[in-house]
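Trainee:
Numbering (my numbering), first residue to last: -1 to 691.
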């Protein structure tokens, strides 16, 4: 259903007039967002994307050396190989891209994905040419073009274990090779195109050679003790090299099967091996965070390139042989002059999983917490990255602004067990709060800003005096606690976790006032409706449960997303409930009827977090794919001009609300004319609507 159609459907369902034009932000974008990559290939209804997502596979140069293709969590990124500027984002896969390869003539780029498809693209225009897929193909873990470009080989994942051959002109499937006992981690054609080499993973540990024309296996090399992650032919076809999880690089004669040499030195798994264009040099990327450069003739180590802070996923030589590029799980791409051992440049901007997002109270700043131990502060209007907060020693799972906007609190996983506090204006750290024994899953400020609650894997929720840092109370549970939320009046705290129950706590007395049961799996999210009358909960049982806070009894249950649900949020008026989870979607529900209203699709992995801007017009989602999407929520709003408090009528209460906010600046519901300040003009505007009514 289109967003405009949904607006009409909701109007009919709820019976409220929708005044003004409902629009889809993909067509009508706010001028504040620059036309940069934050606008590229957005899903319907989204108005910006923050972050480039994670690097999830290999990188490869185009044959002319002009482009660099990067496998990503949201698609394939194309960069200018000289300037390192982003050129395009190729989207269409519904899961992470695991591998990319250019055709020898550079006219086609192939991408393989965990969504069990291969896509062929025109790298110059970004146009999608065709999709290659067949029943039972499984995840695509590796791809390679034949030297003449007529054939594409693809390796299957752990549950498929086969190699598929495709006609690149027609897209037809032309053959299947079977024999590996595990996933096919790497495929490569010999320079003459007659032989295909493949590396087997998991319980396989072999490298196999296949006669491409005859369609059968011709050799099986068993030198590695653990699985083979990468294979490569030398440009002259006389040497075949393999890199494995056993920390070794092995060189073979592909014609005789002779084991020519074993290169040792890496201390962890070898993820990628690549020859230079002249065949004299070999580069290897490893889980030991290094790139090593080897002399192929002597087997001697030329140099070790250090700079990555996490596993190095892949390496590639530029066609002119002057540059070596490496990409790692630290989400950094390094460019090296490997001859002089100089570091040429660094490409940053790729990001790991987003665990939570939150707005500053004035709606100006959006903070996102990531798996890379960092907190990113974004300009909510332009999408510009304003600052990066570092200091956590583990993944950051939760961030929260104090209601006065002065402080940002953050908590994360082990080995970090403290709550970090930051000055929201200067981004400087304040004194941390220590006390938890294990990682912190959730942090939330009370509405009045005087209390900070932290939920932990140490089976406790701690209540802190936000002004002094004093630990006021410890609320115990029987198992890990994953989520917590204050009621709008701040009197009640709800918490949920591994033991499948929800506890309601009296904040003033620190006593448990109720326990809600009904879920059959751990609780992963709780949220109060804006008026505090309803509590919603969800978790690994894929059910959404609504609880009446007056009676503390269940009032409704929804069958939610496909798979686990990780995040919940109410719209500002409380009419719509949103859920995000493992199925990569955001689902909108009518709270009164339980009817599903819409499904927003755009992420390629779990939706971990959902939050609204203070004015309720922007929905923000953070995902395991490493990106934050900003969605225009105005098509779902039902506005009566002048009805500031959204009670369905323009009256004296709206005038009082505006008057009580006099002098306030920034995003504010009482700023009726949207000039950035609540003043007498807003009163006049309300009065005019009041008279019309």
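Even for Gly, the Cβ is constructed at its ideal location relative to N, Cα and C.
With C-beta atoms as the reference, is residue 181 less than 8 Å away from residue 154?
Mentor: Looking up residue 181 in the chain shown gives position 183. Looking up residue 154 in the chain shown gives position 156. Going by C-beta atoms, residue 181 is nearer than 8 Å to residue 154.
Trainee: Measuring straight from C-alpha to C-alpha, what distance separates residue 199 and residue 382?
Mentor: Locating residue 199 in the chain shown gives position 201, where the first residue counts as 1. Locating residue 382 in the chain shown gives position 384, where the first residue counts as 1. When rounded, the distance between both Cα atoms is 41 Å.
Trainee: With a threshold of 16 other CB atoms inside 10 Å of the CB of residue 59, please say whether the residue is buried or exposed.
Mentor: Stepping through the chain shown from its first residue, residue 59 is reached at position 61. Its Cβ being crowded by 16 or more others within 10 Å, residue 59 is buried.
Trainee: Excluding the 5 residues flanking residue 403 on each side, which residues of the same chain have their C-beta closer than 8 Å to its C-beta?
Mentor: The residue given as residue 403 occupies position 405 in the chain shown. Counting only Cβ-Cβ distances below 8 Å, and skipping sequence neighbours, we find 358, 359, 360, 422.
Trainee: Pick helix, strand or coil for residue 89, following the three-state DSSP scheme.
Mentor: Along the chain shown, read from residue 1 onward, the residue named residue 89 stands at position 91. Three-state result, residue 89: coil.
Trainee: Exposed or buried, which one is residue 178 when buried takes at least 16 other CB atoms within 10 Å?
Mentor: Taking the chain shown and counting its residues from 1, the one referred to as residue 178 is at position 180. Its Cβ being crowded by 16 or more others within 10 Å, residue 178 is buried.
Trainee: Looking only at C-alpha atoms, which of 386, 196, 187 sits nearest to residue 176?
Mentor: Walking along the chain shown from the start, residue 176 turns up at place 178. Considering only alpha carbons, the answer is 196.
Trainee: Could you name the residues of the same chain whose beta carbon sits closer than 8 Å to that of residue 671, not counting the 5 residues immediately before and after it, in chain order?
Mentor: Counting from 1 along the chain shown, the entry for residue 671 is found at position 673. Correct list, in chain order: 679, 680, 683.
Trainee: If contacts are defined as beta-carbon pairs under 8 Å, then residue 525 and residue 480 qualify, I think. What distance do you get, rounded to the angstrom?
Mentor: In the chain shown, residue 525 corresponds to position 527, counting from 1. In the chain shown, residue 480 corresponds to position 482, counting from 1. Actually they are not in contact, since the Cβ atoms of residue 525 and residue 480 sit about 13 Å apart, beyond 8 Å.
Trainee: Let me know the beta strand (DSSP E) ranges lying completely inside the stretch 514 to 574, each 3 residues or longer, listed in chain order.
Mentor: Those beta strand (DSSP E) runs which fall completely within the stretch 514 to 574 and span 3+ residues are 521 to 526, 532 to 537, 541 to 546, 551 to 557, 563 to 568.
Trainee: Since residue 162 sits in a beta bridge, which residues does DSSP pair it with?
Mentor: Position 164 of the chain shown, counted from the first residue, corresponds to residue 162. Beta-bridge pairing links residue 162 to 152, 174.
Trainee: Note down, in chain order, each residue of its chain lying with its Cβ closer than 8 Å to the Cβ of residue 85, except the 5 sequence neighbours on either side.
Mentor: The residue you call residue 85 lines up with position 87 of the chain shown. 65, 76, 77, 78, listed in sequence order.
Trainee: Output the distance between the C-alpha atoms of residue 501 and residue 648, rounded to the nearest integer angstrom.
Mentor: Counting from one through the chain shown, the residue named residue 501 turns up at place 503. Counting from one through the chain shown, the residue named residue 648 turns up at place 650. Spanning the two alpha carbons is a distance of roughly 39 Å.
Trainee: Rounded to a whole number of angstroms, what is the C-alpha to C-alpha distance between residue 42 and residue 446?
Mentor: The residue you call residue 42 lines up with position 44 of the chain shown. The residue you call residue 446 lines up with position 448 of the chain shown. For residue 42 and residue 446, the distance between alpha carbons rounds to 37 Å.
Trainee: Sort out for me which residues DSSP pairs residue 77 with in a bridge.
Mentor: In the chain shown, residue 77 corresponds to position 79, counting from 1. In the DSSP output, where bridge partners are listed per residue, residue 77 has 66, 84.
Trainee: Can you give the Cα-Cα distance for residue 238 and residue 281, rounded to whole angstroms?
Mentor: For the purposes of this step, residue 238 is taken as residue 240 along the chain shown, with counting starting at 1. For the purposes of this step, residue 281 is taken as residue 283 along the chain shown, with counting starting at 1. Going by the C-alpha atoms only, they are around 13 Å apart.
Trainee: Is residue 336 helix, strand or coil by DSSP?
Mentor: The sequence position of residue 336 within the chain shown is 338, counting from 1. In the structure shown, residue 336 sits in coil (DSSP, three-state: anything other than H, G, I, E or B).
Trainee: Straight-line CA distance for residue 610 to residue 35?
Mentor: Translated into the one-based positions of the chain shown, residue 610 becomes position 612. Translated into the one-based positions of the chain shown, residue 35 becomes position 37. Computed Cα separation, rounded: 23 Å.
Trainee: Among 387, 142, 544, 113, which has the Cα closest to the Cα of residue 57?
Mentor: Taking the first residue of the chain shown as 1, we reach residue 57 at position 59. Checked all of 387, 142, 544, 113; the closest Cα to residue 57 is 142.
Trainee: Whole angstroms are fine: how far does the CA of residue 417 sit from the CA of residue 441?
Mentor: Translated into positions along the chain shown, residue 441 becomes position 443. Translated into positions along the chain shown, residue 417 becomes position 419. Taking the straight line joining both Cα atoms gives about 9 Å.
Trainee: Our contact map puts residue 385 next to residue 425 with C-beta atoms below 8 Å; I'd like the distance itself, whole angstroms only.
Mentor: On the chain shown, residue 385 is found 387 positions in, with the first residue counted as 1. On the chain shown, residue 425 is found 427 positions in, with the first residue counted as 1. That pair is a contact at about 5 Å.
Trainee: How far does the beta strand (DSSP E) with residue 605 in it reach, from first residue to last?
Mentor: Here residue 605 is taken as the residue at index 607 of the chain shown, counted from 1. It spans 605 to 610 - the beta strand (DSSP E) in which residue 605 sits, taken as one unbroken run.
Trainee: Ends of the alpha helix (DSSP H) at residue 37?
Mentor: To locate residue 37, count along the chain shown from 1; it is residue 39. No alpha helix (DSSP H) holds residue 37; DSSP gives it neither H nor E.
Trainee: Please say whether residue 630 and residue 601 have beta carbons closer to each other than 8 Å?
Mentor: Within the chain shown, numbered from 1, the residue matching residue 601 stands at position 603. Within the chain shown, numbered from 1, the residue matching residue 630 stands at position 632. No, they are not a contact pair.
Trainee: In this structure, how does DSSP classify residue 634 when only helix, strand and coil are distinguished?
Mentor: Working through the chain shown from its first residue, we reach residue 634 at position 636. In this structure, residue 634 counts as helix in the three-state DSSP scheme.
Trainee: Can you tell me which of the three DSSP states residue 594 falls into?
Mentor: Along the chain shown, read from residue 1 onward, the residue named residue 594 stands at position 596. If DSSP states are grouped into helix, strand and coil, residue 594 belongs with the strands.
Trainee: How about residue 565 and residue 606: are their beta carbons less than 8 Å apart?
Mentor: On the chain shown, residue 565 is found 567 positions in, with the first residue counted as 1. On the chain shown, residue 606 is found 608 positions in, with the first residue counted as 1. In contact: residue 565 and residue 606 (Cβ atoms closer than 8 Å).
Trainee: Sorted by chain position, which residues of the same chain lie with C-beta nearer than 8 Å to residue 235's C-beta, five sequence neighbours on each side aside?
Mentor: In the chain shown, counting from the first residue as 1, residue 235 sits at position 237. Cβ within range, chain order: 188, 189, 190, 252.
Trainee: With a 10 Å radius around its C-beta and 16 neighbouring C-beta atoms as the bar for buried, classify residue 340 as buried or exposed.
Mentor: Numbered from 1 along the chain shown, position 342 holds the residue referred to as residue 340. Residue 340 comes out exposed.
Trainee: Using only the alpha-carbon positions, how far apart do residue 122 and residue 226 sit?
Mentor: Counted from its first residue, the chain shown places residue 122 at position 124. Counted from its first residue, the chain shown places residue 226 at position 228. Looking at the two C-alpha atoms, the distance is approximately 34 Å.
Trainee: Flag this pair as yes or no: are the beta carbons of residue 317 and residue 146 separated by less than 8 Å?
Mentor: Translated into the one-based positions of the chain shown, residue 317 becomes position 319. Translated into the one-based positions of the chain shown, residue 146 becomes position 148. Result no, Cβ atoms of residue 317 and residue 146 do not sit closer than 8 Å.
Trainee: Between the Cα of residue 118 and the Cα atoms of 399, 134, 139, 91, which residue gives the shortest distance?
Mentor: Numbered from its first residue, the chain shown carries residue 118 at position 120. For the residues 399, 134, 139, 91, the minimum Cα distance to residue 118 belongs to 91.
Trainee: Leaving aside the five residues before and after residue 519 along the sequence, list all residues of the same chain whose C-beta is less than 7 Å from its C-beta, in chain order.
Mentor: Residue 519 sits at position 521 when you count from the first residue of the chain shown. If we look at residue 519 and ignore the five residues flanking it on each side, its Cβ neighbours are 498, 537, 538, 539.
Trainee: Could you check what DSSP says for residue 330 in three-state terms: helix, strand or coil?
Mentor: Working through the chain shown from its first residue, we reach residue 330 at position 332. Correct three-state label for residue 330: coil.
Trainee: What does a CB cutoff of less than 7 Å around residue 655 pick up in its chain, not counting 5 residues either side in sequence?
Mentor: Your numbering for residue 655 matches position 657 in the chain shown. Closer than 7 Å at the Cβ level, and outside the excluded window around residue 655, lie 642, 643, 668.
Trainee: Residue 431 and residue 462 - do their beta-carbons sit closer together than 8 Å?
Mentor: Taking the first residue of the chain shown as 1, we reach residue 462 at position 464. Taking the first residue of the chain shown as 1, we reach residue 431 at position 433. Cβ distance < 8 Å, so residue 462 and residue 431 count as in contact.
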